[in-house]
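Below is one structure; the comments refer to it alone.
Numbering (my numbering), first residue to last: 1 to 440.
What follows is the structure in structure tokens.
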């Protein structure tokens, strides 16, 4: 069957939810544990063999649902969500890979703060992955003369995670919510002031640390850093393709279910246009290749298939696990996001929260009715999934990508444990606590 022929099937909704036995959550748990542990204990083996771990576990869940559990339409619907998700992530990845920013000179603390603030805004347009890939190398070059571990940590805090909390394009959990039926502009309407407070707090913390570090440099070095710098941007044509992708995301909210594939076609066309219109020297300057998005596509193919039994079980049994309040969902979503991955964590706890009231996360009319009376729940889950993704290297995809780029550049980055006790606990945790009181 061709993709075109499958599209009407892929948009089939499921309104009646039946929970499979809890044992069928095991493939999902094994995938997440593998993603969390193997890159730390066996990075070389994992980089080559991860498809052999992830894809069979996902296939196991899909086979069970289609041939034994009798809910093939549920897995087909999830397949459509996966395609929409990976097309967005992939198209943003390609377009951002065609934008090269050259920042000349060495940076002062004020210039660093400006760059991070721009990254926080940019993350909502090209995603946290796109913004991280565009800005991490200029950030490295401008600070290489005095680079410290806190530089990379706050870049991850602000650009790779918290910055992307204003649009569904910004971070994968929010886009998954958009695919489930959360209105596009609901995110910015409900979360803007929480985003602003968190970003300002993090920037102030960074500025204090960076100023102290800057003053330790010699007087000639400080004076040289204060000299006027300038910026050059190559690949401006890609901002047109970026506009097409954002327009396609917005268009998707107004398309009938049987025509929503038009959104993905526009995104793919924009990505192809970007790739062929971008000079090869720009891709070379960005070290652009398809390996990162290939890895994301394979990992999430397994995750999307394997998480279906867990989502359905949580939706039916939410009240039995003791989660009933926004605060409980905030911390549960956040802690899970920090140690596993924030996209599946978001969906799991969204399903649980909706299940408390007898709603199905796979019915778009259900989610609109649920938001009308439980927006406080969705605020807690949404902001926790995005912000807590910054708490560890494994909380969000861009985190490890940024660390890897810094490691290859020969600059010192914190270890997994140092990241948590030196930076997450003293700097990020107070922001998370403040956010907790804001979303109640």
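Beta carbons: idealized from backbone N, C-alpha and C, even for Gly.
- Starting from the Cα of residue 179, find the closest Cα among 407, 381 and 363 and give me that residue. 363
- Message: Tell me which residues share the same chain as residue 94 and place their Cβ nearer than 7 Å to its Cβ, disregarding the 5 neighbours each side in the sequence.
- Response: 271, 274 and 275
- Local conformation of residue 3 per DSSP, three classes: The predicted model places residue 3 with a pLDDT of 30, which falls under 50 and marks its position as unreliable, so this point remains unresolved.
- Query: Buried or exposed: which applies to residue 243, given that a residue is buried once 16 or more other Cβ atoms fall within 10 Å of its Cβ?
  - Reply: exposed
- Task: Would you check if the distance between the CB atom of residue 353 and the CB atom of residue 381 is smaller than 9 Å?
- Result: yes
- Starting from residue 422, trace the alpha helix (DSSP H) both ways and give me its first and last residue. Neither: residue 422 is in no alpha helix (DSSP H) and is coded neither H nor E.
- Buried or exposed: which applies to residue 372, given that a residue is buried once 16 or more other Cβ atoms fall within 10 Å of its Cβ? exposed
- Leaving out the 5 sequence neighbours to the left and right, which residues in its chain are closer than 7 Å to residue 65 when beta-carbon positions are compared? 71, 72, 74, 75 and 308
- Of the choices 436, 78 and 301, whose alpha-carbon is the least far from that of residue 332? 436
- From residue 18 to residue 304, what distance separates their C-alpha atoms? 18 Å
- Task: Pull up the distance between the alpha-carbon of residue 338 and that of residue 349, whole angstroms please.
- Result: 14 Å
- Inspect the beta-carbon positions of residue 413 and residue 406 and report whether they are closer than 9 Å. yes
- Every unbroken alpha helix (DSSP H) inside the region 63–131 [4 residues or more]: 72–97
- With a Cβ-Cβ cutoff of 9 Å, do residue 163 and residue 121 count as a contact? yes
- Message: Please list the terminal residues of the continuous alpha helix (DSSP H) segment that includes residue 373.
- Response: 364–388
- Provide the residue span of the alpha helix (DSSP H) that contains residue 333, from first to last. 326–339
- Item | Coil, strand or helix - residue 233 by DSSP | strand
- Item | Best match in 37, 176 and 127 for proximity to residue 79 [C-alpha to C-alpha] | 176
- What is the DSSP secondary structure of residue 143, counted as helix, strand or coil? helix
- For residue 212 and residue 182, the rounded distance between their alpha carbons: 43 Å
- Query: Is residue 190 helix, strand or coil when you go by DSSP?
  - Reply: helix
- Determine, using beta-carbon pairs with one atom in the region 190–204 and one in the region 154–172, whether at least three such pairs fall under 8 Å. yes
- Message: Quick check on the burial criterion: 16 or more other C-beta atoms within 10 angstroms. Buried or exposed for residue 330?
- Response: buried
- Does the beta-carbon of residue 171 have 16 or more other beta-carbons within 10 angstroms, so that it is buried, or is it exposed? buried
- Query: With 16 other CB atoms within 10 Å as the buried threshold, where does residue 50 fall?
  - Reply: buried
- For residue 37, the three-state DSSP class (helix, strand or coil): helix
- Task: Would you please state the rounded distance, in angstroms, between the beta carbons of residue 54 and residue 298? I believe it to be under 8 Å.
- Result: 6 Å
- Task: For the alpha helix (DSSP H) holding residue 180, just list the boundary residues, first then last.
- Result: 172–180
- Task: Let me know the secondary structure DSSP gives residue 215 once reduced to three states.
- Result: coil
- Item | Residue closest to residue 155, alpha-carbon to alpha-carbon, out of 136, 284, 200 and 90 | 136
- Message: Which same chain residues end up closer than 7 Å to residue 188 when comparing Cβ atoms and leaving out the 5 residues on each side of it in sequence?
- Response: 166 and 167
- Give me the Cα-Cα distance between residue 119 and residue 202, rounded to the nearest whole angstrom. 13 Å
- Note down, in chain order, each residue of its chain lying with its Cβ closer than 6 Å to the Cβ of residue 100, except the 5 sequence neighbours on either side. 234, 235, 282, 285 and 286
- Message: By the three-class DSSP mapping on this structure, what secondary structure does residue 47 have?
- Response: helix
- For residue 408, is the classification buried or exposed, using 16 other Cβ atoms within 10 angstroms of its Cβ as the cut-off for buried? exposed
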